[in-house]
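Heads up: the structure comes next, in structure tokens.
2 protein chains.
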Amino acid sequence: MDQEDIAHVRRFNRSLTRRIGALDESYLGRGRPLGQARLLFEIGPDGCDLKSLRDRIGLDSGYLSRLVGLLVEHGLVDLDSDPEDGRRRRATLTAAGLDEWRAYDELSDGFARSLLAPLDPARRQRLVGAMREVERLVAAASIELDPVSPESTEAKACLASYVGELEGRFENGFDAAKSRPRGPASQPPRLFLIARLEGRAVGCGALYDFDASAGEIKRMWVAPHTRGLGIARRLLDALESEARGAGMKRLLLDTNRSLTEAMTLYEKSGYRRIARYNDNPYADFWYEKMLG
Amino acid sequence: MDQEDIAHVRRFNRSLTRRIGALDESYLGRGRPLGQARLLFEIGPDGCDLKSLRDRIGLDSGYLSRLVGLLVEHGLVDLDSDPEDGRRRRATLTAAGLDEWRAYDELSDGFARSLLAPLDPARRQRLVGAMREVERLVAAASIELDPVSPESTEAKACLASYVGELEGRFENGFDAAKSRPRGPASQPPRLFLIARLEGRAVGCGALYDFDASAGEIKRMWVAPHTRGLGIARRLLDALESEARGAGMKRLLLDTNRSLTEAMTLYEKSGYRRIARYNDNPYADFWYEKMLG
DNA sequence: CCATATATCTGACTTAAGTCAGATAAATAG
DNA sequence: CTATTTATCTGACTTAAGTCAGATATATGG
Numbered sequence: 001m002d003q004e005d006i007a008h009v010r011r012f013n014r015s016l017t018r019r020i021g022a023l024d025e026s027y028l029g030r031g032r033p034l035g036q037a038r039l040l041f042e043i044g045p046d047g048c049d050l051k052s053l054r055d056r057i058g059l060d061s062g063y064l065s066r067l068v069g070l071l072v073e074h075g076l077v078d079l080d081s082d083p084e085d086g087r088r089r090r091a092t093l094t095a096a097g098l099d100e101w102r103a104y105d106e107l108s109d110g111f112a113r114s115l116l117a118p119l120d121p122a123r124r125q126r127l128v129g130a131m132r133e134v135e136r137l138v139a140a141a142s143i144e145l146d147p148v149s150p151e152s153t154e155a156k157a158c159l160a161s162y163v164g165e166l167e168g169r170f171e172n173g174f175d176a177a178k179s180r181p182r183g184p185a186s187q188p189p190r191l192f193l194i195a196r197l198e199g200r201a202v203g204c205g206a207l208y209d210f211d212a213s214a215g216e217i218k219r220m221w222v223a224p225h226t227r228g229l230g231i232a233r234r235l236l237d238a239l240e241s242e243a244r245g246a247g248m249k250r251l252l253l254d255t256n257r258s259l260t261e262a263m264t265l266y267e268k269s270g271y272r273r274i275a276r277y278n279d280n281p282y283a284d285f286w287y288e289k290m291l292g
Numbered sequence: 293m294d295q296e297d298i299a300h301v302r303r304f305n306r307s308l309t310r311r312i313g314a315l316d317e318s319y320l321g322r323g324r325p326l327g328q329a330r331l332l333f334e335i336g337p338d339g340c341d342l343k344s345l346r347d348r349i350g351l352d353s354g355y356l357s358r359l360v361g362l363l364v365e366h367g368l369v370d371l372d373s374d375p376e377d378g379r380r381r382r383a384t385l386t387a388a389g390l391d392e393w394r395a396y397d398e399l400s401d402g403f404a405r406s407l408l409a410p411l412d413p414a415r416r417q418r419l420v421g422a423m424r425e426v427e428r429l430v431a432a433a434s435i436e437l438d439p440v441s442p443e444s445t446e447a448k449a450c451l452a453s454y455v456g457e458l459e460g461r462f463e464n465g466f467d468a469a470k471s472r473p474r475g476p477a478s479q480p481p482r483l484f485l486i487a488r489l490e491g492r493a494v495g496c497g498a499l500y501d502f503d504a505s506a507g508e509i510k511r512m513w514v515a516p517h518t519r520g521l522g523i524a525r526r527l528l529d530a531l532e533s534e535a536r537g538a539g540m541k542r543l544l545l546d547t548n549r550s551l552t553e554a555m556t557l558y559e560k561s562g563y564r565r566i567a568r569y570n571d572n573p574y575a576d577f578w579y580e581k582m583l584g
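This is the structure:
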């Protein structure tokens with residue numbers, strides 16, 4: 001990463017900050033402080049309970065209570081108890097509040113429009129495309145890997161998605177029980193990693209012991225909407241580095257012919273096809289990589 | 293421009309706002325309110341006079357005075373009168389101020405680095421490229437066209453750059469006096485347009501009367517660092533629309549063989565090669581367009 | 001039922017950020 | 001030299017934004 005790349009990112013941040021500040025300014029044009037405006041906008045046409053508002057915008061509970069109070073006072077918001085949990089309170093927009101919400105929505109739309117309008121169609125498409133690219137790659141950069149227990153809710157949720165997907169993709173469906181790694185029955189993995197994007201699990205991968213000097217990679221999965229961000233690559237790298245740290249000399253893995261992206265990844269990462277080394281009924285190809 | 297494009301721009305704004313907010317947070321980590329931190333950072337290693345600070349950040353003069361006062365009090369900034377204009381005051385960083393400036397600079401660098409670091413080199417390049425594209429296109433969208441007097445300082449500055457460039461590009465140099473449009477001596481243009489990017493003139497173009505039913509486009513120029521943003525196209529469109537409004541049926545223009553981008557633009561915009569219609573010694577090609 | 005946790009509210013604060021009306025001193029136009 | 005403009009400063013304000021320590025009422029696990 002050279003200094004010039006960094007300078008570009010900094011310039012980008014600066015120029016965007018200024019521009020986005022302009023959106024805030026336009027919000028102020030409705031004579032309401034930014035905090036209240038944002039809150040009103042976040043409550044939205046469907047309403048919202050205060051707890052989730054607090055989580056989303058990150059406000060002190062006392063402060064939030066007062067801000068909502070002001071909106072109620074101005075006749076923009078109604079506040080009732082949540083029927084399911086008497087401690088919680090739900091905020092919903094009144095008719096006047098909904099009008100205001102629409103006005104803010106219009107401002108945001110108008111702002112976006114003002115970025116696109118002066119451009120010819122070709123440049124417009126390029127801008128939208130570049131924005132999407134920036135967004136995706138910035139998301140990719142904010143992925144975090146965390147070791148978790150394979151028994152944790154998060155791990156189980158990932159595995160369920162993994163199984164669900166294989167069921168759909170494999171010609172004969174998939175039954176997780178038949179694809180256990182060998183060794184002592186239901187041997188736990190040495191490391192189970194979760195990939196998180198803004199706190200939500202969007203991928204997983206596990207490293208198992210195979211024999212005294214080898215490990216096995218299994219349960220590699222990435223949520224469909226986050227593919228192409230290099231998450232699988234990072235999971236694989238992290239698992240390999242753990243394997244090296246544990247003194248393993250060799251890594252094994254198997255895969256199904258329908259998982260073409262996975263096979264591409266393995267081959268790019270230095271895995272080479274070998275003969276069948278297990279009796280996994282879902283495996284079509286077997287790979288190994290010597291750890292240097 | 294469809295609703296989906298707008299939704300993309302809005303999502304982009306939202307996700308970037310959050311991320312850029314994180315940079316502000318990191319600035320706060322040095323125990324100084326954001327206003328002071330930004331001011332210190334803007335003063336920079338070379339110092340700066342208060343007037344230009346005010347223009348750049350847009351602060352109330354009283355407020356700025358007090359903010360700088362605080363920085364002086366904390367031993368971070370020195371304040372002296374400008375030797376050239378006794379009303380102005382120059383702020384310069386003390387040794388301690390410079391250390392602080394470096395710390396903020398490091399934070400910005402670190403922030404940029406944290407966006408790039410988790411990515412593999414290919415994705416890193418894609419991110420930097422996409423950021424540059426967004427920046428350029430957003431700049432393109434914020435270009436504004438203004439009619440000005442051809443005698444104004446801005447117009448003269450543009451024309452000077454235009455002449456300077458032609459001198460360099462034409463095989464036999466360029467003398468503006470020899471390339472006057474025909475008609476009553478030094479006839480003023482019907483419309484002289486300036487293209488502005490963030491207040492600075494980065495391009496120009498003029499529409500002259502040629503005869504009772506035709507106009508002539510001349511003095512089309514775009515600053516080198518802003519080429520590729522579609523500025524010339526927008527200037528040309530605006531001049532044509534003025535010509536239509538004035539009842540002109542036909543537009544003429546001439547150009548030199550070395551101005552290849554210009555020729556491409558004219559041809560894409562519907563201009564067709566015609567025979568020589570004037571005695572401009574620098575012209576190699578002549579074009580016309582019928583206004584529909 | 002009890003202890004504890006959770007969601008919200010209230011009161012009493014602090015601080016940042018900014019506005020506005022002059023005052024002051026230096027530059028500039030005539 | 002005088003009137004006006006310009007750049008900055010000072011004093012007196014306002015408002016937004018946020019923090020913190022309880023108080024209160026409701027859920028939840030045992």
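Those sequence lines, one after another, are chains Y and A.
Counting from 1, one number per residue, gives the positions in the first sequence under my numbering.
Counting from 293, one number per residue, gives the positions in the second sequence under my numbering.
For each residue, glycine too, the CB sits at the ideal point set by N, CA and C.
Remember, predicted model here, so these are calculated numbers, not experimental data.
For A:Ser-533, which residues in chain Y fall below 9 Å Cβ to Cβ?
-> By Cβ distance, chain Y contributes nothing, its closest Cβ being about 14 Å from A:Ser-533, past 9 Å.
Can you give the Cα-Cα distance for A:Gly-539 and Y:Asp-109, rounded to whole angstroms?
-> 37 Å
For A:Tyr-569, write down the residues that DSSP places opposite it in a beta bridge.
-> DSSP, once it has assigned bridges, lists no residue as partnering A:Tyr-569.
Span of the beta strand (DSSP E) around Y:Glu-144 | For Y:Glu-144, the enclosing beta strand (DSSP E) begins and ends at 144-147.
Thinking C-beta only, is A:Ile-509 closer than 8 Å to A:Leu-531?
-> yes
Spell out whether any CB of chain A is found under 8 Å from the CB atom of Y:Ser-15.
-> yes
In terms of residues, what are the limits of the beta strand (DSSP E) holding A:Glu-508?
-> Here the beta strand (DSSP E) through A:Glu-508 covers 506-514.
Extent of the continuous beta strand (DSSP E) run through Y:Arg-89 = Per DSSP, Y:Arg-89 is one residue of the beta strand (DSSP E) stretching across 85-93.
Output, in chain order, the set of chain Y residues within a Cβ distance shorter than 7 Å of A:His-517.
-> The contacting residues do not exist; A:His-517 stays about 13 Å from chain Y at best.
Quick one: is A:Gln-328 buried, meaning 16 or more other Cβ sit within 10 Å of its Cβ, or exposed?
-> buried
Please work out which residues of its chain come closer than 8 Å, Cβ to Cβ, to A:Trp-618, disregarding the five sequence neighbours upstream and downstream, and give them in chain order.
-> Residue 618 of chain A lies beyond the stretch modelled for chain A, which goes from 293 to 584, so this question has no answer here.
Along the region 106-120 of chain Y, what residues have a CB closer than 8 Å to any CB found in chain A?
-> Ser-108, Asp-109, Phe-111, Ala-112, Arg-113, Ser-114, Leu-115, Leu-116, Ala-117, Pro-118, Leu-119 and Asp-120
Compute the beta-carbon to beta-carbon distance between Y:Glu-242 and Y:Leu-207, rounded to the nearest angstrom, for a pair I have assumed lies under 8 Å.
-> About 6 Å separates the two Cβ atoms, so the contact holds.
Distance, Cα to Cα, Y:Phe-12 vs Y:Gly-75?
-> 41 Å
Short CB-CB distance (under 8 Å) between Y:Leu-67 and chain A = no
For A:Leu-356 versus A:Val-364, is the C-beta distance shorter than 8 Å?
-> no
Output, in chain order, the set of chain Y residues within a Cβ distance shorter than 8 Å of A:Glu-443.
-> Under the 8 Å cutoff, chain Y gives no residues; its nearest Cβ is about 28 Å from A:Glu-443.
Assign Y:Tyr-282 to one of three DSSP states: helix, strand, or coil.
-> coil
Out of curiosity, what's the CA-to-CA distance linking A:Leu-543 and Y:Asp-120?
-> 22 Å
Which residues does DSSP pair with Y:Val-202 in a beta bridge?
-> Looking at the DSSP assignment, Y:Val-202 forms no beta bridge with any residue, so it has no partner.
Might you give, ordered along the chain, the residues of its own chain that have their beta carbon closer than 7 Å to the beta carbon of A:Ala-432, omitting 5 neighbours on each side?
-> Leu-521 and Gly-522
For the region 408-425 of chain A against the region 131-138 of chain Y, are there 3 or more C-beta pairs whose distance is under 8 Å?
-> yes
According to the Cβ coordinates, are Y:Trp-221 and Y:Gly-203 closer than 8 Å?
-> Pairing Y:Trp-221 with Y:Gly-203 gives a Cβ-Cβ distance under 8 Å.
Helix, strand or coil: how does DSSP classify A:Tyr-563 here?
-> coil
Taking only the alpha-carbon atoms, compute the straight-line gap between A:Ala-506 and A:Leu-527 and give it to the nearest angstrom.
-> Between A:Ala-506 and A:Leu-527, the C-alpha separation is close to 18 Å.
Test: Y:Val-202 CB closer than 8 Å to a CB of chain A = no
Return yes when the C-beta of Y:Asn-13 is under 7 Å from any heavy atom of the ligand FAD, and no when it is not.
-> For the structure depicted, the ligand FAD is absent and the ligand set is empty, with no information on it obtainable.
From Y:Leu-98 to A:Met-293, what distance separates their C-alpha atoms?
-> If you take the alpha carbons of Y:Leu-98 and A:Met-293, they lie about 26 Å apart.
Should A:Gly-562 be flagged as near chain Y, meaning a C-beta pair shorter than 8 Å?
-> no
Which same chain residues, not among the five before or five after A:Arg-549, have their C-beta less than 6 Å away from its C-beta?
-> Asp-576
In angstroms, rounded to a whole number, what distance separates the CA positions of Y:Leu-70 and Y:Ala-91?
-> 12 Å
What does a CB cutoff of less than 6 Å around A:Asp-571 pick up in its chain, not counting 5 residues either side in sequence?
-> none
Kindly identify the DSSP beta-bridge partner or partners of Y:Thr-255.
-> Y:Phe-285
Between the Cα of Y:Asp-310 and the Cα atoms of Y:Pro-147, Y:Asp-105, Y:Ser-269 and Y:Leu-116, which residue gives the shortest distance?
-> Because chain Y here runs from 1 to 292, residue 310 of chain Y falls outside it and cannot be looked at.
Could you tell me if A:Leu-551 is buried or exposed, where buried requires 16 or more neighbouring beta carbons within 10 angstroms of its beta carbon?
-> By the Cβ neighbour-count rule, A:Leu-551 is buried, with 16 or more other Cβ atoms within 10 Å of its own.
List the residues of chain A whose Cβ lies closer than 8 Å to the Cβ of Y:Gly-230, in chain order.
-> Leu-411, Asp-412 and Arg-415
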